[in-house]
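Participant: Okay, here's the structure, questions in a sec.
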Amino acid sequence: MERVAIIGVGQSEFGELWEKGFREIVLKAGIEALEDAGLEGKEIEAMYVGNMSGGRYLAQEHIAALIADYSGLSQMGIPSTRVEGADASGGLALRQAFLSVASGLHDIVIAAGAEKVSDVGSEMTTDIIASSADREWEGFVGATIPALYALMARMHFTKYGTTPEDLALVSVKNHRNGALNPKAQFRREITIEDVLRSPFVAEPLRLLDCAPLSDGAAAVILANEKVAKEYTDAPVYIKACTQASDYLALQNREDITTMRAVKIAAEMAYKQSNLTPDSIDVVELHDSFTIAELIAYEDLGFVEKGRGAELIREGITSLDGSLPTNPSGGLKACGHAIGATGIRQAVEITYQLRGKAGKRQVDAETGLSLNIGGTGATAVVTIYEIG
Amino acid sequence: MKVGIVSYGTYIPRFRLSVEEIARVWGENPENIKSGLGVLRKSVSDLDEDTATISVEAAREAVERSGIDPERIGAIFVGSESHPYAVKPTATIVGDAIGCGNNFHAADFEFACKAGTAGIQACMGMVKAGMIEFGLAIGADTSQSAPGDPLEYSASAGGAAFLVGKKGVIAEIEETLSFTSDTPDFWRREGQPYPSHGGRFTGIPAYFRHVVTAAEQIMEKTGYKPSDFDYAVFHQPNGKFPVRAARMLGFSNDQIAQGLVVREIGNTYSGSSVLGFSAVLDIAKPGNKILLVSFGSGAGSDAFIFNVTDSIESFPRHPSVWEKIRSGIAVDYSTYLKLRKKIKLKG
Amino acid sequence: MIPRFWRKIKYRYDIVGSICESCGSKFYPPRNFCPVCRRKSRIKEQRFNGRGKILSYTVVHDTPDEFKLNKPYVVALIELDDGPIITSQVVCGPNEVEVGMRVVKAFRKYFEDGDDGVIYYGTKFIPEDKSMESVSSNSSN
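Residue numbers (my numbering), protein chains in the order written: chain A, 7 to 393; chain B, 2 to 348; chain C, 675 to 815.
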């Protein structure tokens, strides 16, 4: 297997990008990544695109061809493939790109993720995101995505004594980090009281426990080790990129306070990279809801089951803690551009490992990202190391 | 063995709207309404309740109490003037919900407030003819009334379901007959949300003519007189009409008290006389004789004479109709408007 | 307009799931294939009795369009006495619900596909010991 490195990264702003259409957002991320890598574009051999629901947000399918076209890659006729795994679509695109280089099939490929959500109303947005859970047996009874995460949160409260204040701390931390990220959607700090005063979305989750749904795009360029060294002195190697599945509906899972797909993908990733949770220096994980971050601490092996809240209470996952998590602001503050999120996480880890993360820089040589689809039926874990 | 009622089940939505609350909104004197109408409050269905859900819940109680495998039910008739669909049967919803397979005859009936008893007669005919082993007849409504219409004080929601057959009969049908004429006392045209009615015209030429005649004819045919009956139930559009009909026929207040449910829950239309009858079955003893006379505007009455059998003693009858009537939650008028979707929302 | 959810009507109206006779696993919604026994699965349809207790619940305030009149409503994971776990609405006030509460099935309407579309019915749950307040305490009668 070839060693695979990230040699270029790019990201659009995340947020309500009223002035920009889907194509412009994608192009911005793609061009930034090419410039970052020092490529012209014609070196790219294949493209993988993560996008959850162009068909419903934009009434546009065939997204991979569209993006190849507008990024000028159709001229070379390269294969362009869209993959979908709800809000893990970006993670899946990264993994497909990784596999195509690791296998030796391609030397240089691009993985992109993009979503444009603001062209439909909020009811439609809610309905589209609801399709990442089980429409027929969860959506039908009014179990929205926030409702399903709320069921997990309540169970975590009941079993382990986690509290609304613990959840609020996650949001406060991620906003604090997001305030330092020029590309974040929310660049302002909030307090625990702000979170606990915000209206309920699905009890016990409040508005400020929930990540926004955002417009945005991100791109990374992957190359094998030999090619990578021609383009950069600071390749960020992908040590492992693993993926796992779980039952689509919560009701079929043995324990809804555990995301089994996350556990399985993480165990595989540690094994493949010969690393342990202790050796991870920085984490970008899928805090679509604050409870998801606490559960992820546990399922990624940073703390034992039920004790996730301790990491946030003790500041371990703060920027200045021993396991800085979501330095970008995470999905909560940086924004959650659904299909783009998995790629954006790779962009942030790359900045961090290169030492180019500006005011939010942490001291890190190895990083981990976790991208989740829906309520955890898909999980992608990626482990990175600066070369 | 004679054909009769094998089992019964009832359902009354839990919300209640009082006469005071309606009168407060419309500037009426509630005491006048209560004494004039003989109604104190009415049942109101929740947002997620309708004639189909009421029918299913009543049917399930009936099936459960009987212990009969639902697949032995050969016919389902749902009588209502508020079927959820103008076209598409309620009876098929009931059939799938109680799990009676696919080989059953199904039809929806509409005959104002007497469509439920029409179903009992239809089941009786099919059982007698040997076409089916058991039939399920349901009378249920979430009846409509225009805001501010006097009808609003009484139009309510509820229903009862009856398994009709020859085996395990708790109340055999000794006799039944109908008295029917084209009398336009109350109607609702296709596409109209609320019914229209002839006010006082609904009394003498409509309700009293049909109810009293049907009762007189069935007693004449069988040779019974009012004192032969332990209980009598007359359709209850309000608290006054059935009491007056009983007096006209020579029945005492004691004979009708148990089945007079309208004061507490209003007029449940197709559910009305059959809920009253169910309340009587709740306390009936072997050998009791019961007269039931329904009435549907437009107009007609179905009269029945039931003889309660020994089987009633071992028949599960809890929770009773009166228990269901007494457990309710009061709602205010604005909540009622929302529950009954009388507020026009933006599409 | 083809009603999207018609195929599973029977399984939704009552709690009809399935059981694998090879390993005894019970499924709701019904599965045609046992994830444990796989090709050795022997699947049979099974009706569950409709009583259980609440494992976890949420009160939904930010509702989809089709449930906006029901706001706020309760959604719970319910462990059935004789079967698997089911996701369902619970018909009760937002302050009445709690973890461990006993509930029993009820046939209710879920939503309508617009003003001219089909009506979707299904199973909800109600508190088993529904202690209803007396009518007379709330009216001046």
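Even glycine gets a Cβ: it sits at the ideal position worked out from N, Cα and C.
Name, please, each residue of chain C whose Cβ falls closer than 7 Å to the Cβ of residue 152 (chain A).
Facilitator: Going along chain C in sequence order, the residues near residue 152 (chain A) (Cβ under 7 Å) are 736.
Participant: Straight-line CA distance for residue 350 (chain A) to residue 736 (chain C)?
Facilitator: Roughly 28 Å separates the two Cα atoms.
Participant: So that I know if they touch, is there some Cβ in chain B lying closer than 7 Å to that of residue 743 (chain C)?
Facilitator: By this cut-off, residue 743 (chain C) is an interface position.
Participant: By DSSP's criteria, residue 198 (chain B) is part of a beta bridge. Which residues make up the other side?
Facilitator: According to DSSP, residue 198 (chain B) bridges with B:187.
Participant: Looking at the secondary structure, which residues open and close the beta strand (DSSP E) in which residue 388 (chain A) lies?
Facilitator: 384-392 is the span of the beta strand (DSSP E), which, as asked, contains residue 388 (chain A).
Participant: Output yes if chain A places a C-beta closer than 7 Å to the C-beta of residue 749 (chain C); else output no.
Facilitator: Yes - at least one Cβ of chain A is within 7 Å of the one on residue 749 (chain C).
Participant: Under three-state DSSP, which class holds residue 155 (chain A)?
Facilitator: DSSP places residue 155 (chain A) in helix when its eight states are reduced to three.
Participant: Classify residue 1 (chain A) as helix, strand or coil using the three-state DSSP reduction.
Facilitator: Because chain A in this structure spans residues 7 to 393, residue 1 (chain A) falls outside the shown range and cannot be described.
Participant: Mind checking if residue 793 (chain C) is an interface residue toward chain B, Cβ cutoff 7 Å exclusive?
Facilitator: Yes, residue 793 (chain C) counts as interfacial toward chain B.
Participant: Looking at chain C, which residues of the segment 43-66 of chain B have a Cβ within less than 8 Å of any of its Cβ atoms?
Facilitator: Answer in chain order: 47, 48, 49, 50, 51, 53, 54, 57, 58 and 61.
Participant: Candidates B:24, B:47 and B:161: which alpha carbon is nearest residue 342 (chain B)'s?
Facilitator: Residue B:47 is the option with its Cα nearest to residue 342 (chain B).
Participant: When you compare only the Cα positions, how much space is there between residue 381 (chain A) and residue 154 (chain A)?
Facilitator: Their Cα atoms are separated by approximately 7 Å.
Participant: Measure the alpha-carbon distance for residue 390 (chain A) versus residue 694 (chain C) and round it to whole angstroms.
Facilitator: Each residue's alpha carbon lies about 43 Å from the other.
Participant: Between residue 300 (chain B) and chain C, is any beta-carbon pair separated by less than 7 Å?
Facilitator: Chain C, which has no Cβ nearer than 7 Å to the Cβ of residue 300 (chain B), makes this no.
Participant: In three-state terms, what does DSSP make of residue 18 (chain B)?
Facilitator: The answer is strand: DSSP assigns residue 18 (chain B) an E or B state.
Participant: With residue 151 (chain A) and residue 178 (chain A) assumed to form a contact (beta carbons below 8 Å), what rounded beta-carbon distance in angstroms separates them?
Facilitator: Wrong, their Cβ atoms sit about 22 Å apart, outside the cutoff.
Participant: Using 8 Å as the threshold, is the segment 705-717 of chain C in touch with the segment 733-752 of chain C, meaning 3 or more CB pairs across them?
Facilitator: Not touching, per the Cβ criterion.
Participant: With DSSP collapsed to three states, give me the class of residue 692 (chain C).
Facilitator: Three-state DSSP puts residue 692 (chain C) in a strand.
Participant: If you scan the segment 102-178 of chain B from start to end, which runs of the alpha helix (DSSP H) of 4 or more residues do you find wholly inside it?
Facilitator: Runs of the alpha helix (DSSP H) inside the segment 102-178 of chain B: 116-129.
Participant: Go ahead and pull the three-state DSSP assignment for residue 91 (chain B).
Facilitator: In this structure, residue 91 (chain B) counts as coil in the three-state DSSP scheme.
Participant: Helix, strand or coil: how does DSSP classify residue 687 (chain C) here?
Facilitator: DSSP places residue 687 (chain C) in helix when its eight states are reduced to three.
Participant: What residues are listed by DSSP as bridge partners for residue 42 (chain B)?
Facilitator: According to DSSP, residue 42 (chain B) bridges with B:19.
Participant: According to DSSP, which residues form a beta bridge with residue 700 (chain C)?
Facilitator: Answer by DSSP bridge pairing, in chain order: C:693.
Participant: Taking only the alpha-carbon atoms, compute the straight-line gap between residue 692 (chain C) and residue 776 (chain C) and give it to the nearest angstrom.
Facilitator: When rounded, the distance between both Cα atoms is 23 Å.
Participant: Buried or exposed for residue 193 (chain B), please, with buried defined as at least 16 other CB atoms from any protein chain shown within 10 angstroms of its CB.
Facilitator: That one is exposed.
Participant: Can you tell me whether DSSP reads residue 210 (chain B) as helix, strand or coil?
Facilitator: Reduced to three states, the DSSP call for residue 210 (chain B) is helix.
Participant: Give me the chain A residues within the contact set of residue 679 (chain C), using Cβ-Cβ distance strictly less than 8 Å, ordered along the chain.
Facilitator: Going along chain A in sequence order, the residues near residue 679 (chain C) (Cβ under 8 Å) are 142 and 146.
Participant: In its own chain, which residues sit with a C-beta less than 7 Å from the C-beta of residue 322 (chain B), not counting the 5 before and 5 after it?
Facilitator: The residues are 11, 262, 276, 279, 280 and 283.
Participant: Quick check on DSSP: helix, strand or coil for residue 727 (chain C)?
Facilitator: Three-state DSSP puts residue 727 (chain C) in a strand.
Participant: Nearest to residue 95 (chain A) by CA position, among A:56, A:189 and A:31, is which residue?
Facilitator: Answer by Cα proximity: A:56.
Participant: Got a sec? Which residues, its chain only, sit under 7 Å from residue 24 (chain B) by beta carbon, not counting five neighbours each side?
Facilitator: For residue 24 (chain B), where only same-chain residues beyond five positions count, the Cβ hits under 7 Å are 30, 31 and 34.
Participant: Evaluate contact between the segment 293-305 of chain A and the segment 254-268 of chain A, counting only Cβ atoms and requiring at least three cross-stretch pairs below 8 Å.
Facilitator: As far as the Cβ criterion goes, the segment 293-305 of chain A touches the segment 254-268 of chain A, which means the pair count is three or higher.
Participant: Going by Cα to Cα distance, which pick from A:161, A:77 and A:48 is closest to residue 37 (chain A)?
Facilitator: Comparing Cα-Cα distances from residue 37 (chain A) to each of A:161, A:77 and A:48, the minimum goes to A:77.
Participant: Out of B:228, B:230, B:218 and B:207, state which residue places its alpha-carbon closest to the alpha-carbon of residue 236 (chain B).
Facilitator: Among B:228, B:230, B:218 and B:207, the Cα nearest to that of residue 236 (chain B) is on B:207.
Participant: Got a sec? Which residues, its chain only, sit under 6 Å from residue 810 (chain C) by beta carbon, not counting five neighbours each side?
Facilitator: Unreliable positioning characterises residue 810 (chain C) in this predicted model, as indicated by a pLDDT of 35, which lies under 50. The coordinate reading is nonetheless provided below. Same-chain partners within the cutoff: there are none.
Participant: Please report the straight-line C-alpha distance between residue 119 (chain B) and residue 272 (chain B), rounded to a whole angstrom.
Facilitator: So the alpha carbons of these two residues sit roughly 12 Å apart.
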